[in-house]
Amino acid sequence: MIERRPVGIFDSGVGGLTVLKEIEKILPSEDLIYFGDNLRAPYGSRDSKEVAEFCLRIGKFLEEIGSKLLVIACNTATIAALKELQEKLSIPVIGVINPGAREALKVTKNNKVGVLSTPLTAKLNAYRDEIKKMNESVEVHQVGCKPIVQMIESGWEDTPENRAIIKYYVDKLPKDTDVVVFGCTHFPIIKEYFMKELKGKVIVDPAKETALEVKKILKELDLLNKGEKNGKVSFYTSGSISKFKKLAEKILGRPIETIKQALN
Ligand code: DGL
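Be aware that the sequence shown starts at 82, since it is given in this note's numbering, and climbs by one per residue.
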């Protein structure tokens, strides 16, 4: 019998679509359900307890509607709620921080890693702790970038002011970090603007490693959808459907037919 249950994926908003894209590439036969908590985004300026409450509600929702595995496609939600969701849900739950940390360690040559993230991810030392668990001698410099998620959620505009904001945060990284992790799944959406400022540094986007981890776990648990057809993707948002549609279509580069509203 073919295993048809979907993989559930969520983020505070549209950032997790950067992870969904990689999962689609690596696991084209899987059905996917994406939930964007756009009503409550950004998470990164809230406190950890509040974010964990939102995440538990979303996790239960995605489990109830039949997900076989849950991907927290948000760094802030991963640090605030991964453990709790793993304890309280009956499906496997993975986040993006461990895959991102592993990739950063693989590519750094001078053991100096920079991380650009939301303020909460930086404040909770999410990447520093994860990287140091694997290699104590690596220096990790975390920069919390307050306004950027909101700028992307409201439709990024290429203006000198917005470019200056990116530069302001990138400049906070020590010059000798050779690797910089996008510690927020929204940031790859405007990768080109970061790249202009990050000249010559290697950028790590945890999305691909996360997608490979999803594949590994589904395989181990014999939960892969071995069907021949391409999987279908369903979308939910807690915010405005029309706003989600506009942003998501731009990020995914294709039209989206069905988006439902939930948990609003
Ligand atoms: N994409 C989320 C992350 O990776 C952004 C969180 C937020 O809404 O601030 O952290």
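Cβ atoms here follow ideal geometry from the backbone N, Cα and C, with glycine treated the same way.
Residue i classed as buried or exposed, judged by whether at least 16 other C-beta atoms fall within 10 angstroms
{"i": "Thr240", "result": "exposed"}
{"i": "Pro287", "result": "buried"}
{"i": "Ala292", "result": "buried"}
{"i": "Asp252", "result": "exposed"}
{"i": "Pro200", "result": "buried"}
{"i": "Glu273", "result": "exposed"}
{"i": "Met232", "result": "buried"}
{"i": "Asp128", "result": "exposed"}
{"i": "Ile83", "result": "exposed"}
{"i": "Leu328", "result": "buried"}
{"i": "Ser198", "result": "buried"}
{"i": "Ala245", "result": "exposed"}
{"i": "Tyr208", "result": "buried"}
{"i": "Glu242", "result": "exposed"}
{"i": "Glu238", "result": "exposed"}
{"i": "Glu217", "result": "exposed"}
{"i": "Glu301", "result": "exposed"}
Spatial neighbours of residue i in its chain, beta-carbon cut-off 6 Å, leaving aside the 5 residues before and after
{"i": "Glu220", "result": "Lys193"}
{"i": "Ala203", "result": "Gln223 and Gly225"}
{"i": "Ala343", "result": "Tyr317"}
{"i": "Ile107", "result": "Ala292 and Lys296"}
{"i": "Glu294", "result": "Ile175 and Pro180"}
{"i": "Leu304", "result": "Glu84 and Lys149"}
{"i": "Lys341", "result": "Tyr317"}
Own chain residues within Cβ distance below 7 Å of residue i, not counting five before or after
{"i": "Glu211", "result": "Ile178, Asn179 and Ala182"}
{"i": "Ser148", "result": "Arg86, Pro87, Val88, Gly89, Ile114 and Ile172"}
{"i": "Leu163", "result": "Ile153, Val174 and Gly176"}
{"i": "Pro336", "result": "Glu330"}
{"i": "Leu254", "result": "Gly195, His222, Val224 and Val261"}
Reference residue i, options the options, closest by Cα
{"i": "Leu137", "options": "Arg209, Lys187, Lys149 and Ile153", "result": "Ile153"}
{"i": "Cys155", "options": "Ser321, Gln342, Gly96 and Glu234", "result": "Gly96"}
{"i": "Lys277", "options": "Ile247, Arg209 and Glu242", "result": "Ile247"}
{"i": "Glu168", "options": "Gly140, Asn191, Arg209 and Ile146", "result": "Gly140"}
{"i": "Lys256", "options": "Glu238, Ser235, Gly281 and Asn243", "result": "Gly281"}
{"i": "Tyr249", "options": "Lys227, Asn191, Lys341 and Tyr124", "result": "Lys227"}
{"i": "Glu105", "options": "Lys310, Ser321 and Lys341", "result": "Lys310"}
Proximity below 7 Å, CB of residue i to CB of residue j
{"i": "Val39", "j": "Ile284", "result": "This structure leaves residue 39 out entirely; the chain is present only between 82 and 345."}
{"i": "Leu166", "j": "Val88", "result": "no"}
{"i": "Leu120", "j": "Ser323", "result": "no"}
{"i": "Ser312", "j": "Asp112", "result": "Note on residue identity: the sequence assigns Gly, not Ser, to residue 312. It is a contact, given that the beta carbons lie within the stated cut-off."}
{"i": "Ala346", "j": "Ser93", "result": "This structure cannot speak to residue 346, because the chain is shown only from 82 to 345."}
{"i": "Gly264", "j": "Val196", "result": "yes"}
{"i": "Thr189", "j": "Asp259", "result": "yes"}
{"i": "Ser110", "j": "Asn306", "result": "yes"}
{"i": "Glu131", "j": "Leu170", "result": "no"}
{"i": "Gly117", "j": "Phe275", "result": "no"}
{"i": "Ile160", "j": "Leu205", "result": "yes"}
Three-state secondary structure assigned by DSSP to residue i
{"i": "Tyr274", "result": "helix"}
{"i": "Glu220", "result": "strand"}
{"i": "Gly125", "result": "coil"}
{"i": "Thr159", "result": "helix"}
{"i": "Asp286", "result": "coil"}
{"i": "Gly140", "result": "helix"}
{"i": "Asp92", "result": "strand"}
{"i": "Leu113", "result": "strand"}
{"i": "Ser321", "result": "coil"}
{"i": "Cys313", "result": "It should be pointed out that residue 313 corresponds to Lys in this sequence rather than to Cys. If DSSP states are grouped into helix, strand and coil, Lys313 belongs with coil."}
{"i": "Lys307", "result": "coil"}
{"i": "Val251", "result": "helix"}
{"i": "Lys256", "result": "coil"}
{"i": "Lys331", "result": "helix"}
Contacts around residue i, its chain only, beta-carbon distance under 8 Å, and the 5 residues preceding and following it disregarded
{"i": "Thr99", "result": "Ala154, Thr266, His267, Pro269, Ile270, Asp286, Ala288 and Ile332"}
{"i": "Met215", "result": "Ala182, Arg183 and Leu186"}
Proximity test, Cβ basis, 7 Å: residue i and chain C
{"i": "Gly195", "result": "Among the chains in the structure shown there is no chain C, since it carries only a single protein chain."}
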